[in-house]
Amino acid sequence: MEKILIEGGHRLNGDIEISGMKNSALPIIFACLLIEGECILENIPRVSDVQNALSILKTMGAEADFVDYHTVKINTKSAENNLDFELISKMRASSYLLSCALVRFGRVNMPYPGGCNFGSRPIEQHLKGLKCLGARGGESDGFLTLKCKNNLKSNKISLDKISVGATINMIMAAVLLEGQSVIENVAREPHVIDVIRFLNACGADILHFGSYIRVNGVRKLKGVKYRIYADMIEAGTYIACVGATGGALSLKGIEYEHIRPLRLIFDEMNIKISYNSREIYVSSNNPKGTSMQTEPYPGFPTDLHPQLSALVCYCEGGGSITENIFDGRFAYVAQLEKMGAKIKRVGNTVYISQTRLIGASTDATDLRAGAALVVAGLGAQGITTINNVNYIVRGYEELTSKLASVGGNIKLIQGE
Ligand code: UD1
Numbered sequence: 002m003e004k005i006l007i008e009g010g011h012r013l014n015g016d017i018e019i020s021g022m023k024n025s026a027l028p029i030i031f032a033c034l035l036i037e038g039e040c041i042l043e044n045i046p047r048v049s050d051v052q053n054a055l056s057i058l059k060t061m062g063a064e065a066d067f068v069d070y071h072t073v074k075i076n077t078k079s080a081e082n083n084l085d086f087e088l089i090s091k092m093r094a095s096s097y098l099l100s101c102a103l104v105r106f107g108r109v110n111m112p113y114p115g116g117c118n119f120g121s122r123p124i125e126q127h128l129k130g131l132k133c134l135g136a137r138g139g140e141s142d143g144f145l146t147l148k149c150k151n152n153l154k155s156n157k158i159s160l161d162k163i164s165v166g167a168t169i170n171m172i173m174a175a176v177l178l179e180g181q182s183v184i185e186n187v188a189r190e191p192h193v194i195d196v197i198r199f200l201n202a203c204g205a206d207i208l209h210f211g212s213y214i215r216v217n218g219v220r221k222l223k224g225v226k227y228r229i230y231a232d233m234i235e236a237g238t239y240i241a242c243v244g245a246t247g248g249a250l251s252l253k254g255i256e257y258e259h260i261r262p263l264r265l266i267f268d269e270m271n272i273k274i275s276y277n278s279r280e281i282y283v284s285s286n287n288p289k290g291t292s293m294q295t296e297p298y299p300g301f302p303t304d305l306h307p308q309l310s311a312l313v314c315y316c317e318g319g320g321s322i323t324e325n326i327f328d329g330r331f332a333y334v335a336q337l338e339k340m341g342a343k344i345k346r347v348g349n350t351v352y353i354s355q356t357r358l359i360g361a362s363t364d365a366t367d368l369r370a371g372a373a374l375v376v377a378g379l380g381a382q383g384i385t386t387i388n389n390v391n392y393i394v395r396g397y398e399e400l401t402s403k404l405a406s407v408g409g410n411i412k413l414i415q416g417e
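Structure (structure tokens):
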């Protein structure tokens, strides 16, 4: 089993190319089940969740391969309703098969989607919305079975909770239906916008109006060449890293618009950000703590909460983070405590005091918790090891080599 080894205390300086966004690459890969013809997807990150999504399509009989380091070719013409239960139960994004396989085959039967364990991850909004479009069935003994007689029917869907996954599933379920569907109370994350842009490029007619989305069904979608957005969470993680170590990074390929909602917090933390059309320049010398809370986009993302907690340990005055999205986001706290962090959790808020962390042997408990340990280890005194690296490679492409290339003393080693 691989481990990450970090010697802390080295400033970061240089350029990092931000990879494609995992959370839009995954639904876009599954959306290819709705498309006639071949899709060429560019800027696909080489992360294990993407490999698993491609393997799920290949098990179905589709062509789904990397043809270049970051380019995938997908053609689902020969796909059959043959789902790989083991892979599906390993990843949350397999929930997108609920819409894509249902629309393509008229029926879907699959295990409950897996993924990172940060508290309850219900899917009742996905099921409620699909039923609103005419699907029948539901969950029984950990399996989800949905069918539709003839076809799904366009309709108005009002989501009770803002959910990235449910929003994308509803868009994908509605895109080929006759007539107009309206989805209310939708998520606005850049990954949702990326999926809409992709489907529209394939011939869909989807409009996003802030809190609702209008889908005018089209008869068919055609294959296209499409470039996925760069990953704002990966960029935010490197901003946290440079906050913890000091120094300056130029983050390439990321859209400034996607980072803009993070600006308010980073400005308060004295982390300086400037940008031009090609890159975002981040520098930090003497970060200050602040209070923040996670919210749906354009609020501060839950996927940066653990990394920011690690950063706040190094910030003058300490600070606090309130988690409003996932009740189980706090597994990282015990790991940071192994490094000497002073964190007090009260309900869904952590109060963090400024402390120079000390290297320790730690365990990644989920993807972003693992990233938090990287932030902590880079700023710490001494050596940090991070076990369970498999969580981190689910969502970060070449994390250790990217950080090593800008001066971090960090490497992936073979563990016992
Ligand atoms: C996606 C991301 C994940 C990110 C999250 C929030 C992927 C593969 N994962 O997860 O990295 O942390 O968005 O930005 O894209 N909820 C319900 N019922 C539902 C669905 C969701 O109550 O049917 C709740 C969830 O428990 C949570 C909130 O809604 O409290 C947001 O969840 P959601 O946006 O659906 O997260 P995911 O799409 O699973």
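Quick note: to get this note's numbering, add 1 to the position in the sequence shown (first position is 1). Even for Gly, the Cβ is constructed at its ideal location relative to N, Cα and C. Just so it is clear, the structure is predicted and the values come from calculations on it, not from any experiment.
Given a cut-off of 7 Å, decide if residue j and residue i are closer than it, judged by their beta-carbon atoms.
i      : j      : result
CYS101 : LEU160 : no
ASP367 : TYR392 : yes
ALA167 : GLY143 : no
LEU147 : GLY138 : yes
GLY341 : ARG12  : no
LEU312 : ALA241 : yes
TYR315 : ALA361 : no
LYS403 : LEU6   : no
ALA80  : MET61  : yes
ILE158 : MET171 : yes
GLU19  : ASP195 : A small fix is needed here, since residue 19 is Ile in this sequence, not Glu. No, the pair does not count as a contact, with Cβ atoms beyond the cut-off.
ILE54  : LEU84  : According to the sequence shown, residue 54 is Ala rather than Ile. No, Cβ-Cβ distance for ALA54 and LEU84 is not below 7 Å.
GLN181 : SER155 : yes
TYR298 : ARG220 : no
TYR440 : ILE17  : This structure cannot settle anything about residue 440, because the visible part of the chain is limited to 2 through 417.
GLY380 : LYS4   : no
ILE229 : VAL216 : no
ILE326 : THR350 : no
TYR213 : GLU235 : no
On the premise that residue j lies in contact with residue i, defined as a C-beta separation below 8 Å, what is that separation, rounded to the nearest angstrom?
i      : j      : result
VAL243 : SER285 : 5 Å
GLY371 : ILE387 : 6 Å
GLY378 : GLY9   : 6 Å
GLY218 : ALA175 : 7 Å
LEU222 : ILE36  : 5 Å
TYR227 : LEU358 : 42 Å between Cβ atoms; not a contact.
SER354 : LYS343 : 4 Å
VAL193 : VAL165 : 6 Å
GLY300 : PRO262 : 7 Å
GLU280 : LEU252 : 6 Å
SER90  : PRO112 : 4 Å
Count the other C-beta atoms from every protein chain shown that fall within 10 angstroms of the C-beta of residue i, then say buried if there are 16 or more, exposed otherwise.
i      : result
GLN308 : buried
PHE453 : The question about residue 453 has no answer, for the chain in this structure spans 2 to 417.
GLU317 : exposed
ASP304 : buried
ARG369 : buried
MET2   : exposed
VAL68  : exposed
ILE30  : buried
PRO123 : exposed
GLY21  : buried
SER278 : exposed
ILE266 : buried
GLU398 : buried
Quick test of the definition: if touching needs 3 or more C-beta pairs under 8 Å, does the segment 275 to 284 touch the segment 41 to 52? no
Per the contact definition of three or more C-beta pairs closer than 8 Å, is the segment 321 to 329 in contact with the segment 244 to 261? no
I'd like to know if the segment 150 to 158 and the segment 69 to 79 are in contact, where contact means that at least 3 CB-CB pairs between them fall below 8 Å. no
Any contact between the segment 65 to 72 and the segment 102 to 109? By contact I mean 3 or more CB pairs, one from each, below 8 Å. no
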